[in-house]
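Student: Chains as they are written, first to last, in the numbering used here: chain R, 62 to 75; chain Y, 37 to 132. Here a beta-carbon is modelled for each residue, glycine too, at the ideal position from N, C-alpha and C. This one's a predicted model, so the numbers in the text were calculated from it and none came from an experiment.
#1: Can the beta-carbon of residue 66(R) be found less than 9 angstroms from the beta-carbon of residue 69(Y)?
#2: Return the first residue and the last residue of the alpha helix (DSSP H) that residue 54(Y) is part of.
#3: If you draw a straight line from the alpha carbon of residue 43(Y) to that of residue 92(Y), how long is it in whole angstroms?
#4: Look at the Cβ atom of residue 40(Y), then the Cβ atom of residue 99(Y), and state whether they are nearer than 9 angstroms.
#5: Nearest chain R C-beta to residue 98(Y) closer than 9 angstroms, yes or no?
#6: Give the range of the beta strand (DSSP E) segment to which residue 126(Y) is assigned.
#7: Going by DSSP, name the residue or residues bridged to residue 86(Y).
#8: Within 10 angstroms of its Cβ, does residue 80(Y) collect 16 or more other Cβ (buried), or is it exposed?
#9: Using 9 angstroms as the threshold, is the C-beta distance between residue 47(Y) and residue 128(Y) below it?
#10: Which first and last residues belong to the alpha helix (DSSP H) in which residue 92(Y) is found?
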């Protein structure tokens with residue numbers, strides 16, 4: 062498996 | 037709020053829930069009215085934020101899983117990620 066920096070994208074749940 | 041360090045034992049905030057979204061095959065971290073779409077390594081980190089493991093232990097585990105990625109790179113990026121999560125109130129350092 063290849064490491065990539067932990068990231069997130071915020072979404073509005075509606 | 038305490039800063040996250042290698043000795044912290046991070047936990048997910050009470051308002052946050054990790055969910056596997058079968059439709060899109062991705063992890064979502066849900067909290068009131070919002071959510072975060074996590075990439076695979078972010079999901080790995082969040083799943084280990086149970087309060088049992090120090091950040092150092094989380095780094096050890098993921099550095100082994102993703103070898104030969106240098107451990108110092110993994111630690112730097114995990115600490116940065118947890119810091120951003122803590123700023124949003126989604127991760128507690130466990131040091132309070």
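Tutor: Taking the definition as stated:
#1: no
#2: From DSSP, residue 54(Y) is part of no alpha helix (DSSP H) but of the beta strand (DSSP E) over 53 to 57.
#3: 6 angstroms
#4: no
#5: yes
#6: Residue 126(Y) -> no beta strand (DSSP E), and no H or E assigned at all.
#7: 47(Y)
#8: buried
#9: yes
#10: 91 to 101
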